[in-house]
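Worksheet: one structure, shown below.
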Amino acid sequence: LDKHSVEVLVDACLDPTKYCVVTLSPQATASLAAANNLTFTEAEGKITGFLKSLGVKYVFSTTFSADLALQEACVEFVERWRAAKQNDATTTANATTARPITATATSGTPSSRSASLPVVCSECPGFVIFVEKKHPESLLSLLSRVKSPQAIFGTLLKQLLADKLQPQDSSVANSTSTTTKRTLWHCSVMPCLDKKLESARDELVAPSGAPETDCSITALELSSLVASRSNSSLQNLPSSPLDSLSSLLTSTLVSATEPTPLPPHHHRPASSSAPHPPPPPLVAPSSVLPFSYGYLETVARYASFHLLGVKLPQKLSFHTPREGNLDLRELTVTGPGGRTLRFAAVYGYRHIQNLVMSIQRKTCKYDYVEVMSCPSGCTNGGGQLPSLPLSHVNARFLQWMDGKTASSRETEGGFALEEVS
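This note's numbering numbers the first residue of the sequence shown as 13 and each following residue consecutively.
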């Protein structure tokens, strides 16, 4: 963890062999906005301006990679649900024809794993570590194979965009009087301490051997850095606009002689190579608002339409088994013919333990579960600024969500419904 600190970030900015890219999560930005009495957009600009003053070359929002993660999560769930139902049908057919069940049906092969339900969201690194250490036999095969927004951005930066984002002054002299390109160095600003552990995972390493995310710091750590470097609050610093990944890449991608293949965001089976329609934009506000990235609501909207032919209304009605406690939320969607999909959001280890027991006892009724270790979700992460009313942080997060929704409507024209096969 000594590689994940603000001191390491400052040193990287001063290193002439590197150029630094920082990715900001909306939850961390919301915490900094609330602490400094700024709107979400104001805080984004102030943070960007401060990081640029340190020598950071590019500052991006993880909104881009979060959208990719949500789309992949939608597609993965539909594939795994269909595979599970096909597997159930095959098992029933085998039983009715008195055929013996082969070992491959239960031996944990890739085909049987892909058919496993419920699909359990793996965005939260704390929960993933919990599963790996405590319940690998019963839960590991159920985890979504989609990378987190931090990991996706790291992959894109290190494996696809490093050369395309090279600054004009990126050549530096070495000891042999020749010039070499600067190395892209990636730092994320997250609401979660466990993102430091995620970035150190062996699976998230670039071909060069370097981590795809070199450093991860929290909102609290960034706030401390602002105070120590500027002797002022974020509120009094100059602003700078976030960098736009699409704008930066337009010229380089259009002029490229050969397109660069996009790195996979999860290891999708070869049979799934056909293009998929995008998920619907996350609609806000709803009756119960997500304060992570909205996996539950986005997957539910996409799957309900593509599996059941049901277009969900803008305002969803969630069931909360514990009255007033939004850390356990359920959504049931029933389509023509009585086919049903069951979704849930489970936040905090008190509810996670109950989920684990239901899976182990084979009584779990859900098809998809969004799981977050922190009660109230990512805006309440362990790396956020303390002593802030959570409602103030959530209010700023909703400003981000409102802007994201408006942007989706402007750029995509909403969700184009397609015929369900």
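Glycine included, each C-beta is placed from N, C-alpha and C at the ideal position.
Local conformation of residue 378 per DSSP, three classes:
In the sequence shown, counting from the first residue as 1, residue 378 sits at position 366. In the structure shown, residue 378 sits in coil (DSSP, three-state: anything other than H, G, I, E or B).
Go to residue 342, then tell me how far its alpha helix (DSSP H) extends in each direction, as first and last residue.
The count along the sequence shown starts at 1 and reaches residue 342 at position 330. Looking at the DSSP string, residue 342 is not in any alpha helix (DSSP H); the run it does join, the beta strand (DSSP E), is 340-346.
My output table needs one value for residue 114: the three-state DSSP class, helix, strand or coil.
Numbered from its first residue, the sequence shown carries residue 114 at position 102. Interpretation of residue 114 is limited by its pLDDT of 34, a score under 50 that renders its predicted location unreliable; no figure is taken from the coordinates.
Sorted by chain position, which residues of the same chain lie with C-beta nearer than 6 Å to residue 359's C-beta, five sequence neighbours on each side aside?
In the sequence shown, residue 359 corresponds to position 347, counting from 1. Within its own chain, the residues whose Cβ lies closer than 6 Å to the Cβ of residue 359, once the five positions on either side in sequence are excluded, are 339, 384, 387, 389, listed in chain order.
Taking buried to mean at least 16 other C-beta atoms within 10 Å of its own C-beta, is residue 122 buried or exposed?
Locating residue 122 in the sequence shown gives position 110, counting from the first residue. For residue 122, the predicted structure reports a pLDDT of 40, less than 50, and the residue's modelled location is therefore unreliable. The matter cannot be settled from this model.
Flag this pair as yes or no: are the beta carbons of residue 238 and residue 72 separated by less than 8 Å?
Here residue 238 corresponds to residue number 226 of the sequence shown, with the count starting at 1. Here residue 72 corresponds to residue number 60 of the sequence shown, with the count starting at 1. Taking 8 Å as the Cβ cut-off, residue 238 and residue 72 do not qualify as a contacting pair.
Based on the DSSP output, what are the partners of residue 228 in its beta bridges?
Numbered from 1 along the sequence shown, position 216 holds the residue referred to as residue 228. Answer by DSSP bridge pairing, in chain order: 200.
Please report the straight-line C-alpha distance between residue 375 and residue 355, rounded to a whole angstrom.
Stepping through the sequence shown from its first residue, residue 375 is reached at position 363. Stepping through the sequence shown from its first residue, residue 355 is reached at position 343. Roughly 15 Å separates the two Cα atoms.
Would you report the Cα separation of residue 64 and residue 253, rounded to the nearest angstrom?
As a position in the sequence shown, residue 64 is number 52, starting the count at 1. As a position in the sequence shown, residue 253 is number 241, starting the count at 1. So the two alpha carbons sit approximately 10 Å from each other.
Helix, strand or coil for residue 251? Go by DSSP, reduced to three states.
Translated into positions along the sequence shown, residue 251 becomes position 239. Three-state result, residue 251: coil.
Meets three-Cβ-pair contact criterion under 8 Å: the region 156-169 and the region 395-411:
no
Counted within 10 angstroms of its Cβ, other Cβ atoms place residue 51 as buried (16 or more) or exposed
One-based indexing of the sequence shown puts residue 51 at position 39. Exposed: under 16 other Cβ atoms inside 10 Å.
Here's the rule: buried if 16 or more other CB atoms are within 10 angstroms of the residue's CB, otherwise exposed. What is residue 74?
Along the sequence shown, read from residue 1 onward, the residue named residue 74 stands at position 62. Residue 74 is buried by the Cβ-count criterion.
Alpha-carbon spacing of residue 401 relative to residue 391, whole angstroms
Residue numbering aside, residue 401 sits at position 389 when the sequence shown is read from its first letter. Residue numbering aside, residue 391 sits at position 379 when the sequence shown is read from its first letter. Answer to the nearest angstrom: the Cα atoms are 11 Å apart.
In the DSSP assignment, find the alpha helix (DSSP H) that holds residue 140 and state where it starts and stops.
Residue mapping note: residue 140 aligns to position 128 of the sequence shown, counting from 1. That run of the alpha helix (DSSP H) goes 137-146.
For residue 70, the first and last residue of its enclosing beta strand (DSSP E):
Looking up residue 70 in the sequence shown gives position 58. Residue 70 -> beta strand (DSSP E) spans 70-73.
Threshold first: 3 residues or longer. Then list the beta strand (DSSP E) segments lying entirely within the region 349-393, N to C.
352-359, 380-384
By the DSSP assignment, the beta strand (DSSP E) with residue 36 in it spans what residues?
For this step, residue 36 is matched to residue 24 along the sequence shown. Taken as a continuous stretch (DSSP letters only), the beta strand (DSSP E) holding residue 36 covers 30-36.
For my contact list, residue 395 and residue 232 are in at a C-beta cut-off of 8 Å; report their separation, rounded to the angstrom.
Counting from one through the sequence shown, the residue named residue 395 turns up at place 383. Counting from one through the sequence shown, the residue named residue 232 turns up at place 220. Confirmed, Cβ separation roughly 6 Å.
Three-pair Cβ contact test at 8 Å for the region 13-25 versus the region 216-229:
yes
Checking the sheet assignment: what are the DSSP bridge partners for residue 172?
By 1-based counting over the sequence shown, the position of residue 172 is 160. For residue 172, which the question treats as bridged, DSSP gives no partner whatsoever.
7 Å Cβ shell around residue 266 - same chain, five flanking residues per side excluded:
Your numbering for residue 266 matches position 254 in the sequence shown. Reliability fails at residue 266, whose pLDDT of 47 lies under 50, so the model's placement of it is uncertain and no value is given.
Taking only the alpha-carbon atoms, compute the straight-line gap between residue 255 and residue 363 and give it to the nearest angstrom.
By 1-based counting over the sequence shown, the position of residue 255 is 243. By 1-based counting over the sequence shown, the position of residue 363 is 351. When rounded, the distance between both Cα atoms is 39 Å.
If residue 139 and residue 315 are in contact, beta carbons under 8 Å, what's the gap, nearest whole angstrom?
For the purposes of this step, residue 139 is taken as residue 127 along the sequence shown, with counting starting at 1. For the purposes of this step, residue 315 is taken as residue 303 along the sequence shown, with counting starting at 1. Rounded, the Cβ-Cβ distance is 21 Å, inconsistent with contact.
Can you tell me whether residue 334 is buried or exposed, with buried defined as 16 or more other CB within 10 angstroms of its CB?
Walking along the sequence shown from the start, residue 334 turns up at place 322. So residue 334 counts as exposed.
Cβ-Cβ separation, residue 156 to residue 136 (assumed contact under 8 Å), whole Å:
For the purposes of this step, residue 136 is identified with residue 124 of the sequence shown, where counting begins at 1. For the purposes of this step, residue 156 is identified with residue 144 of the sequence shown, where counting begins at 1. The beta-carbon separation of residue 136 and residue 156, rounded to 11 Å, does not stay under the 8 Å limit for a contact.
Answer with buried or exposed for residue 19, where buried requires no fewer than 16 other C-beta atoms within 10 angstroms of its C-beta.
Numbered from its first residue, the sequence shown carries residue 19 at position 7. Counting Cβ neighbours within 10 Å, residue 19 comes out exposed, since fewer than 16 surround it.
By Cβ distance, which residues of its chain are closer than 6 Å to residue 382, with the 5 residues on each side in sequence left out?
Here residue 382 is taken as the residue at index 370 of the sequence shown, counted from 1. The answer, listed in chain order, is 133, 307, 308, 357.
Three or more C-beta pairs under 8 Å: does that hold for the region 192-211 against the region 161-178?
Yes, the region 192-211 is in contact with the region 161-178.
Using CA coordinates, which residue listed in 169, 234, 393, 79 is at the minimum distance from residue 216?
If you number the sequence shown from 1, residue 216 lands on position 204. Closest option to residue 216, Cα to Cα, is 169.
By DSSP, does residue 16 sit in helix, in strand, or in coil?
In the sequence shown, residue 16 corresponds to position 4, counting from 1. Here residue 16 sits in coil by DSSP.
Assigned exposure category for residue 30 - 16 Cβ within 10 Å defines buried
Indexing the sequence shown from 1 puts residue 30 at position 18. Its Cβ being crowded by 16 or more others within 10 Å, residue 30 is buried.
So for residue 332, helix, strand or coil by DSSP?
Here residue 332 refers to the residue found at position 320 of the sequence shown. Residue state, collapsed to three classes: coil.
Is the separation between the beta-carbon of residue 128 and that of residue 96 shorter than 8 Å?
Here the question's residue 128 lines up with position 116 in the sequence shown. Here the question's residue 96 lines up with position 84 in the sequence shown. Yes, the Cβ-Cβ distance between residue 128 and residue 96 is below 8 Å.
Could you check the C-alpha separation between residue 165 and residue 56 for me, to the nearest Å?
What you label residue 165 is simply residue 153 of the sequence shown in a count that begins at 1. What you label residue 56 is simply residue 44 of the sequence shown in a count that begins at 1. Rounded to whole angstroms, residue 165 to residue 56 spans 18 Å at the Cα level.
Rounded to a whole number of angstroms, what is the C-alpha to C-alpha distance between residue 236 and residue 223?
For the purposes of this step, residue 236 is taken as residue 224 along the sequence shown, with counting starting at 1. For the purposes of this step, residue 223 is taken as residue 211 along the sequence shown, with counting starting at 1. Those two C-alpha atoms are separated by around 25 Å.
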